[in-house]
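As they're listed, the protein sequences go chains A and B.
Those letters in the first sequence? Residues 755 to 1021, per the numbering used here, in order.
Those letters in the second sequence? Residues 49 to 259, per the numbering used here, in order.
Everything below concerns the one structure shown next.
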Amino acid sequence: MLCKRIIPCLDLKGGRVVKGTRFKDLRDAGDPAEQAAFYSAEGADELVCLDIAASREGRGPTLRAIERIAENVFIPLTAGGGISTVEDVRATLLAGADRVSLNTQAVLNPGLIAATAEQFGAQCVVVAIDFRAEPGIDGPCAHGQMSDRRASGRWRVYTHGGTVPTELSLVDWARQAVELGAGELLLTSMDRDGTVGGYDLQATAAVAEAVTVPVIASGGAGSPEHIAAALTEGRADAALAASVFHYRKWRIADLKDFLRQRGVPVR
Amino acid sequence: MGARRREPVDIAIVDYGRGNLRSVQAALSRAGARPFLTADPAAIAGAAGVILPGVGSFHDAVTSLAGRGFVDALVTYAAGGRPLLGLCLGMQLLFETADEGGSCSGLGLFRGHVARLEGTPRLPHIGWNLVQRRRPSALLDGEAGHFFFVHSYAARGVDDAYLTATTDYGVTIPAVVENGNIMGTQFHPERSGGAGLVLFERFLEVVRRCS
């Protein structure tokens, strides 16, 4: 049976790991290669590295961080942030990433998803979507009683590190990204990010139901129960978290024991 | 590893211009090899073992391999009895035919056809899955273990005699094939943590026995 994945996320800025709350108030959280080695030894199933300031500072420091991680850590590595061309994709893969995460540039230029999938395979393309619940976007509606179309309007997609609202709704954009060639979706709730208040289970489940590719839940992990909920009720194939791991709040091995007891298949 | 480590052996990693070879190279080094990337088909003649990696589409990969003269070189190399290990798409390339990106021929070192997976919960098949051994294996050191998969296509019609291990994802997926010196894994050992490094160590043992 395929295991559910636990994915620590390293947000990178200037080649260092940082962590904020609701995409702001960044704090230093260590050296990327050291963090990666620590998580790998702890039993992390995969790592995601996102350069959250790439467009402003260039990709150099991130590619060097990817190289250092890839040479020392033998678990899957997805890298993103500021990837805007197929050449950026190639450079990121050559630095040692297995897959790339496309976010803002995928919205601005959906052809990038298709071009990347065509050249490197759909399995190589993770489309990351930052979203925020906006019940007003399509009128308030009770959960479970709305049509697909109305449900799809309950969450708005944001770009540029969560600073720019788009006209896209989460579920519609998720479907479109998969049609274009995304092999996996990484869904980050901006409302929950860094709050340790739990994942947005409804949004995650709505996307998981709408697409056939695997879905990673992100934003809001604060307890093992939250992760278990994302992987069951939220229908996610993987759960991503940062704060709870960076500050050593809990160990991945303990988390996996907890998930096993709940009947969630883990490695 | 450590005290049991032997002399490094020269392992050629076939570089046909596709994807991430750094992680394959780093993991092989960690397992005790002296790996080198090569885009020159003549260079594999001097290697003690060859790794055929790969991501992307079958058709694209075969076209690139053929364009660089690797198809004949690999078939000749394998016929010489020295070890060849295909990883992920590299394993699929060892089969006869595929219908990914248009119908096309592979190296034909194993009987079988590569086709898109059907009947799986989700696709691509991404993540750590339990690999179960079905026959004695040079590569696997236990009856079962978790390895990392990321693929949408898989081999079909594999000879039972060569099907070393499988994994389940709604359907049974060939995970390891071995026929003497010719081997392949559908998963990525270079991304499978300690279990993957052990597999590479065992491959290097095969290489040493053949050298």
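Cβ coordinates follow ideal geometry from the N, Cα and C atoms, glycine included.
Keep in mind the model is a prediction, meaning the values are calculated, not measured.
Gln180(B) versus Val1018(A), Leu756(A), Gly1017(A), residue with shortest Cα-Cα distance: Closest option to Gln180(B), judged by alpha-carbon separation, among Val1018(A), Leu756(A), Gly1017(A): Leu756(A).
Rounded to whole angstroms, what is the Cα-Cα separation between Ala127(B) and Ala957(A)? Going from the Cα of Ala127(B) to the Cα of Ala957(A) covers about 54 Å.
I need the boundaries of the beta strand (DSSP E) containing His199(B), first residue and last residue. Membership of His199(B) in the beta strand (DSSP E) is indicated by the continuous run 192 to 199.
Count the other CB atoms, across all protein chains shown, that sit within 10 Å of the CB of Ala209(B); report buried if there are 16 or more and exposed otherwise. Ala209(B) should be labelled exposed.
Looking at C-beta atoms only, is the number of pairs between the stretch 832 to 840 of chain A and the stretch 154 to 166 of chain B that lie closer than 8 Å three or more? Taking a cut-off of 8 Å for Cβ pairs, the stretch 832 to 840 of chain A and the stretch 154 to 166 of chain B do not touch, as fewer than three such pairs fall below it.
Strictly below 8 Å CB to CB, what residues from chain A border Pro101(B)? Contacts between Pro101(B) and chain A, judged by CB atoms closer than 8 Å, are missing: the closest CB pair is about 11 Å apart.
If I follow the unbroken beta strand (DSSP E) through Glu144(B), where does it start and stop? Taken as a continuous stretch (DSSP letters only), the beta strand (DSSP E) holding Glu144(B) covers 143 to 146.
What are the boundary residues of the beta strand (DSSP E) that Arg910(A) is part of? It spans 909 to 913 - the beta strand (DSSP E) in which Arg910(A) sits, taken as one unbroken run.
Per DSSP, which residues does Ser112(B) bridge with? Please list them. DSSP, once it has assigned bridges, lists no residue as partnering Ser112(B).
Is the shortest distance between the beta-carbon of Gln877(A) and the beta-carbons of chain B less than 9 Å? Judged by the 9 Å Cβ criterion, Gln877(A) is in contact with chain B.
Closest by CA to Ala860(A), which one among Cys763(A), Ala851(A), Ala871(A), Ala971(A)? The option with the nearest alpha carbon to Ala860(A) is Ala871(A).
Compute the beta-carbon to beta-carbon distance between Gly154(B) and Leu137(B), rounded to the nearest angstrom, for a pair I have assumed lies under 8 Å. With 8 Å as the limit, Gly154(B) and Leu137(B) do not qualify as a contact, their Cβ atoms being about 10 Å apart.
With 16 other CB atoms within 10 Å as the buried threshold, where does Ala87(B) fall? Answer is exposed; the Cβ neighbour count stays below 16.
Examine chain A for any beta-carbon lying closer than 9 Å to the beta-carbon of His107(B), and answer yes or no. No, no contact with chain A.
At the level of alpha carbons, what is the spacing between Ser943(A) and Gly951(A)? Roughly 11 Å separates the two Cα atoms.
Cα separation between Ala992(A) and Val969(A)? Straight-line Cα distance between these residues: approximately 7 Å.
Range of the contiguous alpha helix (DSSP H) that encloses Cys258(B): From DSSP, the alpha helix (DSSP H) with Cys258(B) extends over 241 to 258.
Taking only three categories from DSSP, how would you classify Ala878(A)? First, the amino acid is wrong: residue 878(A) is Cys here, not Ala. Annotated three-state conformation of Cys878(A) is helix, per DSSP.
So is Pro919(A) in contact with chain B if we call contact Cβ pairs under 9 Å? Output row for Pro919(A): interface = no.
Which full runs of the beta strand (DSSP E) of 3+ residues lie inside the stretch 62 to 131 of chain B, going along the chain? Those beta strand (DSSP E) runs which fall completely within the stretch 62 to 131 of chain B and span 3+ residues are 81 to 86, 97 to 100.
Can Gln873(A) and Arg844(A) be called in contact, C-beta distance under 9 Å? Closer than 9 Å, so yes.
Whose C-beta lies closer than 7 Å to the C-beta of Arg239(B) among residues of the same chain, with five residues either side of it excluded? Answer for Arg239(B): Ser71, Phe196, listed in chain order.
Continuous beta strand (DSSP E) assignments of at least 3 residues falling wholly in the stretch 931 to 958 of chain A: Counting only runs that start and end inside the stretch 931 to 958 of chain A, the beta strand (DSSP E) elements of at least 3 residues fall at 938 to 943.
Apart from the five residues on each side of it in sequence, which residues of its chain come closer than 7 Å, Cβ to Cβ, to Val965(A)? Take Val965(A), set aside five residues on each side of it, and the residues of its chain with a beta-carbon closer than 7 Å to its own are Ala928, Arg929, Val932, Leu939, in chain order.
Checking 9 Å against the spacing of the C-beta atoms, do Pro268(B) and Ala109(B) come in under that value? Outside the displayed span of chain B (49 to 259) sits residue 268(B), for which this structure offers no information.
Can you find a C-beta in chain B that's less than 9 Å from the C-beta of Ala992(A)? With 9 Å as the cut-off, Ala992(A) counts as an interface residue toward chain B.
Can you find a C-beta in chain B that's less than 9 Å from the C-beta of Asp782(A)? No, no contact with chain B.
By Cβ distance below 6 Å, which residues in the same chain neighbour Leu922(A) in space, the five residues on each side in sequence not counted? Only Val911 meet the Cβ criterion.
Could you check if Ser972(A) is buried or exposed, using at least 16 other CB atoms within 10 Å of its CB as the buried criterion? Burial check for Ser972(A): the Cβ neighbour count within 10 Å reaches 16 or more, so the residue is buried.
Please classify Pro169(B): is it buried, with 16 or more other beta-carbons within 10 angstroms of its beta-carbon, or exposed? It counts as exposed.
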